[in-house]
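Only one structure is covered here, and it is reproduced in the block below.
Residue numbers (the working numbering): 4 to 170.
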């Protein structure tokens, strides 16, 4: 008889295999009316590797680059965002992984660049849950969201082209 841990491991493996098959056949990946196969080709051309691990996709309004959040295990992406910044996302009303993904992608696709955190992490201001929220997002050249966090006052420098709108 299998242990509970073995059953859970098998269930998780089966779920990932089903997800991979769906994405390999173009299902599940749609943005702005573009069906899965076309979008998969664009993402691969940008340099995305594990298409079946992509959890959210958006298009940067400034660069036109598709940005995506990947479940990259312990290397980055959602693991980094949730592992290091979960409490901060909870404070602004993003409680589930789906809400965090939505907030991060929305920040890049519809937010206004208002500042820079550190050397080169853009900070976007966006309306979320009825209030203005600032989200700092690092995106690789291929569109991969490396990391994201809620930006705190004092962590940023003003973007030269942006008007500062304090929270």
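We put the CB at the ideal spot given by N, CA and C, even for glycine.
This structure is a prediction, so every number in the text was calculated from the model and none was measured.
Check: By DSSP, does residue 11 sit in helix, in strand, or in coil?
Finding: It is helical.
Note to self: Let's test the definition: count the other Cβ atoms within 10 Å of the Cβ of residue 28 and tell me whether it reaches 16, buried, or not, exposed.
What the structure shows: For residue 28, the predicted structure reports a pLDDT of 43, less than 50, and the residue's modelled location is therefore unreliable. The matter cannot be settled from this model.
Margin query: I need the DSSP call for residue 138, collapsed to helix, strand or coil.
Written below: The three-state secondary structure of residue 138, taken from DSSP, is strand.
Item checked: Backbone CA spacing between residue 100 and residue 56 [nearest angstrom] -> 14 Å
Note to self: Given a cut-off of 8 Å on the beta-carbon distance, is the pair residue 102 and residue 114 in contact?
What the structure shows: no
Checklist line | Residues that DSSP places opposite residue 251 in a beta bridge | finding: An answer regarding residue 251 cannot be provided, because it is not within the stretch 4 to 170 covered by the chain.
Check: How about the segment 77-87 and the segment 117-135: do they share at least three Cβ pairs that are nearer than 8 Å?
Finding: no
Check: How many Å lie between residue 150 and residue 111 at the Cα?
Finding: 12 Å
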